[in-house]
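As structure tokens, the structure follows; a few thoughts come after it.
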Amino acid sequence: MTAVLDQAYTLKGKVALVTGADESLGRAIAIQLAQRGASVAVIFSQGEHAANEVVAAIEKAGSRAVAMKADVAKVTEVARLFDDTVKHLGRLDIIVSNPAATDVFKAEGEVSEEDFDRVFNLNTRAQFFIAQLGYKHLQENGRIILTSSIAPPKAGAGFHALHVGSKAAVEGFTRSFALDCGPKRVTVNAISPGTTKTDPNDKNAWHYSSSATATQSVSSISPLRTVAAPQDVGKVVAFLSHSDSEWINGQIIPTCGALS
């Protein structure tokens with residue numbers, strides 16, 4: 001029998017890039033990775049102050065971090081992010097794509113061309129090019145983790161056509177990229193969160209009820225009788241980032257407490 005490992009899921013020596021790391025879910029993912037020893041490139045689009053707070057939290061945990069601003073809907077800026085991450089942190093092992101176009105909930109007939117382009121540019125197009133360009137920089141045995149949703153398989157709420165469609169495409173990317181990235185032993189998976197106690201979800205709760213009422217409603221139908229916190233999803237990402245997950249590949253991982 002081998003000795004018990006003190007840190008079974010250490011990511012010490014690894015470098016991760018997390019997009020949307022200035023907001024709830026991305027912030028929690030970045031911190032969970034850092035707490036396991038990874039250095040983290042904290043990518044943000046608007047929240048510079050929030051991103052700097054994430055960097056401070058990571059450094060307090062004993063890991064290295066750098067905050068970088070980018071519009072991930074622009075391919076040139078995505079390419080720059082990977083170059084700058086390697087420049088500042090020395091390598092790249094883990095990519096977590098965490099876009100957040102979650103504020104367009106309209107009936108099918110009310111969706112404008114501008115609405116469509118904005119949601120698909122961020123939720124779909126950006127994730128494709130983050131995976132494509134990031135793969136070129138990844139070390140052997142690297143990890144690409146995209147973000148889907150529990151919505152595509154069930155479409156259980158109205159006014160979600162854009163959200164469902166944009167995330168369904170990501171699930172196709174995940175399965176196809178897993179085949180394409182095999183030569184470097186890079187795995188590609190997607191997390192599929194359900195209702196999570198995040199800032200965007202709180203902002204959008206008015207579509208259904210108040211934030212508190214929406215949380216209570218989801219908790220009542222959850223087998224676990226609660227709503228996930230961002231760090232709960234972050235822990236799943238941390239596991240997928242570790243070498244013990246190497247035979248999980250091309251999968252859509254529900255992180256919803258059996259609500260899918």
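For the sequence shown, position 40 matches number 40 in the UniProt record's numbering, and the numbering has no gaps at all.
Glycine included, C-beta positions come from ideal geometry on N, C-alpha and C.
A quick note: this is a predicted structure, and the numbers were derived from the prediction, not measured.
Beta bridge counterpart(s) of residue 264 as assigned by DSSP: Here the chain comprises residues numbered 1 to 260, so residue 264 is not present and cannot be evaluated.
Segment limits, alpha helix (DSSP H) that includes Ala-161: For Ala-161, the enclosing alpha helix (DSSP H) has its first and last residue at 161 to 180.
Residues of its chain near Ala-65, where Cβ-Cβ distance is below 8 Å and the 5 sequence neighbours each way are ignored: Closer than 8 Å at Cβ, skipping near neighbours: Ala-30, Ala-34, Ser-39, Val-40, Ala-41, Val-42, Val-54, Val-55, Ile-58, Glu-59.
Through-space distance from Gly-134 to Glu-171, alpha-carbon basis: Distance from the CA of Glu-171 to the CA of Gly-134, rounded to the nearest whole angstrom, comes to 18 Å.
Ile-130 vs Val-78 beta-carbon contact at 7 Å: In this structure, Ile-130 places its C-beta atom within 7 Å of the C-beta atom of Val-78.
Residues sharing a beta bridge with Asn-141, DSSP: Bridge partners of Asn-141 according to DSSP: none are assigned.
Beta-carbon proximity of Asp-22 to Ala-50, cut-off 7 Å: Yes.
As assigned by DSSP and simplified to three states, the class of Ala-190: Under the three-state reduction of DSSP output, Ala-190 falls in the strand class.
Exposure label - Ala-16; buried when at least 16 CB within 10 Å: Burial call: buried.
Sequence-distant residues of its chain with Cβ nearer than 8 Å to Arg-80 (five each side left out): Sequence-distant partners of Arg-80 (beyond 5 residues in either direction) whose C-beta falls short of 8 Å from its own C-beta, in its chain, are Ala-70.
Reference Ser-243, options Gln-139, Ser-166, Val-111, Phe-120, closest by Cα: Among Gln-139, Ser-166, Val-111, Phe-120, the Cα nearest to that of Ser-243 belongs to Gln-139.
Of the listed residues Val-18, Lys-12, Thr-76, Ser-148, nearest to Pro-254 (C-alpha basis): The residue with the shortest Cα to Cα distance from Pro-254 is Ser-148.
Pro-254 (DSSP reduced to helix, strand or coil): Here Pro-254 sits in strand by DSSP.
Whole-angstrom C-beta distance between Asp-84 and Lys-14, which should lie under 8 Å: Not really, about 17 Å apart at Cβ, beyond 8 Å.
Secondary structure of Ser-112, DSSP reduced to three states: Coil.
Cβ-Cβ distance between Ile-252 and Ala-190 below 7 Å: For Ile-252 and Ala-190, yes; Cβs fall inside 7 Å.
CB-CB length for Asn-249 against Ala-168, believed under 8 Å: Incorrect: roughly 20 Å between the Cβ atoms, too far for contact.
Cα-Cα separation, Phe-120 to Ser-112: Distance between the alpha carbons of Phe-120 and Ser-112: 12 Å.
Tyr-9 to Phe-239 span [Cα, whole Å]: Our two residues, Tyr-9 and Phe-239, have alpha carbons roughly 7 Å apart in a direct line.
Outcome for Gln-127 when other beta-carbon atoms lying within 10 angstroms are tallied against a minimum of 16: Gln-127 is buried by the Cβ-count criterion.
Reduced DSSP secondary structure (H/G/I, E/B, other) of Leu-5: The pLDDT assigned to Leu-5 is 46, lower than 50, so where the model puts this residue is not dependable, and the model offers no usable value.
DSSP state of Ala-56 mapped onto helix, strand, coil: Here Ala-56 sits in helix by DSSP.
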